[in-house]
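Going by the working numbering, the first residue of the sequence shown is number 1430, and it counts up by one from there.
So the structure is just underneath, and the comments pick up after that.
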Amino acid sequence: MQIECQHRDEHSCRFLLSGALPSFANSIRRAMASEVPKLAIENVRIYDNTSGLFDEMLAHRLGLIPIRTEEGTYVPIDECTCEGAGCNRCSVSYTLSVEGPGMVYSRDLIPDDPVAVPALGDIPIVKLEKGQKVVLEAQAVLSTGRTHAKWQPTTVCGYKNYPCLTIDARCDGCGACVDVCPRNVLRLTGRCVAVDEGRLEDCSLCRLCEKSCLSTGIGETPAIRVGIEPDRFIFNVESDGAIPATAILRQSIRFLRTRADELSRALEEIAEG
Ligand code: SF4
Ligand code: SF4
Ligand SMILES: [Zn+2]
1430 MQIECQHRDE
1440 HSCRFLLSGA
1450 LPSFANSIRR
1460 AMASEVPKLA
1470 IENVRIYDNT
1480 SGLFDEMLAH
1490 RLGLIPIRTE
1500 EGTYVPIDEC
1510 TCEGAGCNRC
1520 SVSYTLSVEG
1530 PGMVYSRDLI
1540 PDDPVAVPAL
1550 GDIPIVKLEK
1560 GQKVVLEAQA
1570 VLSTGRTHAK
1580 WQPTTVCGYK
1590 NYPCLTIDAR
1600 CDGCGACVDV
1610 CPRNVLRLTG
1620 RCVAVDEGRL
1630 EDCSLCRLCE
1640 KSCLSTGIGE
1650 TPAIRVGIEP
1660 DRFIFNVESD
1670 GAIPATAILR
1680 QSIRFLRTRA
1690 DELSRALEEI
1700 AEG
């Protein structure tokens, strides 16, 4: 099995997974979305709220703000020695106090850990008119997307099979498939069609090219065939800013390895009786 990174920056990465079963590709996708822990606001104590939003809506919006999470800095609150009380090993506290007129932004949340700031400072929370006020304390804790979507570190996390296009000798270069392709994957070369250089991975496997070829009256089967490489996948991952995209991938692989080791040990124990 091999992972080949094609693009990466702070917020996104694109990579090829080769030599893997579809079930394993799906396991990586699920682990990235649901098993990588991050901080999110879970408890809110509202001292004053004269804005146009109910307390519950305000708390809901706060919960969805991505919080920067350094790997290994915090432990899940239910595994902490404080037994759920909340301490600096398992939670981050924030204060927010804003008076109108003006917009309350995510940057108005002041954390007691300067690293655990909102990933973006300009996320609007609520607009205040003159004389309106919001004063609150919030507590962020570590958990995973399996518990709630607000702990999901990815905004995009998907894959597709690696495309495989074949064109047989019956192709007469009519160009119907080139015109219909929505991704500009194909081009005419003389009296034949070919995949444009570097564009194969853009193919969405929509098969419109096959249909258009059939509609030219070529026969029972099209001259162009769309297939997949069954053990090769193109992944696209985008982070919400809480954790860098490549760190999400690394942590998801570590999660899968740990779970596989646990399963292997359990099977050994069963085999030993
Ligand atoms: S399957 Fe769709 S995207 Fe791919 S080459 Fe054919 S028409 Fe283009
Ligand atoms: S539609 Fe068929 S015959 Fe026409 S260029 Fe495409 S593959 Fe060739
Ligand atoms: Zn604790």
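Glycine included, each C-beta is placed from N, C-alpha and C at the ideal position.
Owing to the predicted nature of the structure, the values given are computational and were not obtained by experimental measurement.
| query | Regarding Gly1602 and ligand 2, is the C-beta to nearest heavy atom distance less than 7 Å? | reply | To locate residue 1602, count along the sequence shown from 1; it is residue 173. At least one heavy atom of ligand 2 is nearer than 7 Å to the Cβ of Gly1602, so yes.
| request: Would you check if the distance between the CB atom of Glu1701 and the CB atom of Ser1441 is smaller than 8 Å? | output: Stepping through the sequence shown from its first residue, residue 1701 is reached at position 272. Stepping through the sequence shown from its first residue, residue 1441 is reached at position 12. Contact: no.
| query | Excluding sequence positions up to five away, which residues of its chain have a Cβ less than 6 Å from the Cβ of His1436? | reply | Taking the sequence shown and counting its residues from 1, one reaches residue 1436 at position 7. Cβ neighbours of His1436 beyond the five flanking positions: Arg1443.
| message | Assuming contact is defined by CB atoms lying nearer than 8 Å, are Tyr1497 and Ala1548 in contact in what I supplied? | response | On the sequence shown, residue 1497 is found 68 positions in, with the first residue counted as 1. On the sequence shown, residue 1548 is found 119 positions in, with the first residue counted as 1. Sequence check: residue 1497 is Arg here, not Tyr. Their beta carbons are under 8 Å apart, which means Arg1497 touches Ala1548 by this criterion.
| query | Excluding sequence positions up to five away, which residues of its chain have a Cβ less than 8 Å from the Cβ of Pro1505? | reply | As a working mapping, residue 1505 is identified with position 76 in the sequence shown. Answer for Pro1505: Pro1466, Cys1519, Val1570, Leu1571, Ser1572, listed in chain order.
| My guess is that Ser1707 and Arg1661 are in contact by the Cβ rule of under 8 Å, so how many angstroms apart are they, rounded? | The question about residue 1707 has no answer, for the chain in this structure spans 1430 to 1702.
| task | Classify Asp1660 as helix, strand or coil using the three-state DSSP reduction. | result | On the sequence shown, residue 1660 is found 231 positions in, with the first residue counted as 1. Three-state DSSP puts Asp1660 in a strand.
| Where does Ser1480 fall in DSSP's three states? | Within the sequence shown, numbered from 1, the residue matching residue 1480 stands at position 51. DSSP places Ser1480 in coil when its eight states are reduced to three.
| message | Quick check: Arg1575 and Glu1464, are their CB atoms within less than 8 Å of each other? | response | Within the sequence shown, the letter at position 146 stands for residue 1575. Within the sequence shown, the letter at position 35 stands for residue 1464. Taking 8 Å as the Cβ cut-off, Arg1575 and Glu1464 qualify as a contacting pair.
| Buried or exposed: which applies to Ala1689, given that a residue is buried once 16 or more other Cβ atoms fall within 10 Å of its Cβ? | Translated into positions along the sequence shown, residue 1689 becomes position 260. Flag for Ala1689 reads exposed.
| query | Unbroken alpha helix (DSSP H) runs of length 4 or more, entirely within the stretch 1432-1507: which are they? | reply | 1451-1463, 1484-1492
| request: Measure from the C-beta of Glu1630 to each C-beta in chain C and report whether the shortest distance is under 8 Å. | output: Among the chains in the structure shown there is no chain C, since it carries only a single protein chain.
| request: Go through the stretch 1517-1587 residue by residue and report every complete run of the beta strand (DSSP E) that reaches 3 residues or more, in order. | output: 1520-1528, 1531-1534, 1553-1557, 1562-1572
| request: State buried or exposed for Gln1561, treating a residue as buried only when at least 16 other CB atoms are found within 10 Å of its CB. | output: One-based indexing of the sequence shown puts residue 1561 at position 132. Buried: at least 16 other Cβ atoms inside 10 Å.
| task | Kindly indicate the opening and closing residues of the alpha helix (DSSP H) around Arg1688. | result | Here residue 1688 is taken as the residue at index 259 of the sequence shown, counted from 1. 1674-1701 is the extent of the alpha helix (DSSP H) around Arg1688.
| request: Just mark Cys1610 as buried or exposed, buried being the case when its beta carbon has 16 or more other beta carbons within 10 Å. | output: As a working mapping, residue 1610 is identified with position 181 in the sequence shown. That one is buried.
| said: Counting C-beta neighbours from all protein chains within 10 Å, is the total for Pro1696 16 or more, i.e. buried, or is it exposed? | reply: The sequence position of residue 1696 within the sequence shown is 267, counting from 1. Sequence check: residue 1696 is Leu here, not Pro. Exposed.
| message | Let's see if you can read the secondary structure: which residues bound the alpha helix (DSSP H) around Cys1606? | response | The count along the sequence shown starts at 1 and reaches residue 1606 at position 177. First-last of the alpha helix (DSSP H) with Cys1606: 1605-1609.
| Spatial neighbours of Asp1541 in its chain, beta-carbon cut-off 7 Å, leaving aside the 5 residues before and after | On the sequence shown, position 112 is the one that residue 1541 refers to. Correct list, in chain order: Val1521, Ser1522.
| Contact set, ligand 3 heavy atom to C-beta under 5 Å | Cys1509, Cys1511, Cys1516, Arg1518, Cys1519
| Is the closest heavy atom of ligand 5 to the C-beta of Val1622 under 7 Å? | By its list of ligands, the structure shown excludes ligand 5, since it contains just ligand 1, ligand 2 and ligand 3.
| field | Integer Cβ distance of Glu1639 from Val1655, believed to fall under 8 Å | value | Translated into positions along the sequence shown, residue 1639 becomes position 210. Translated into positions along the sequence shown, residue 1655 becomes position 226. So it is a contact: roughly 6 Å between Cβ atoms.
| So, helix, strand or coil for Leu1615, using DSSP? | Within the sequence shown, residue 1615 is the residue found at index 186, counting from 1. DSSP places Leu1615 in strand when its eight states are reduced to three.
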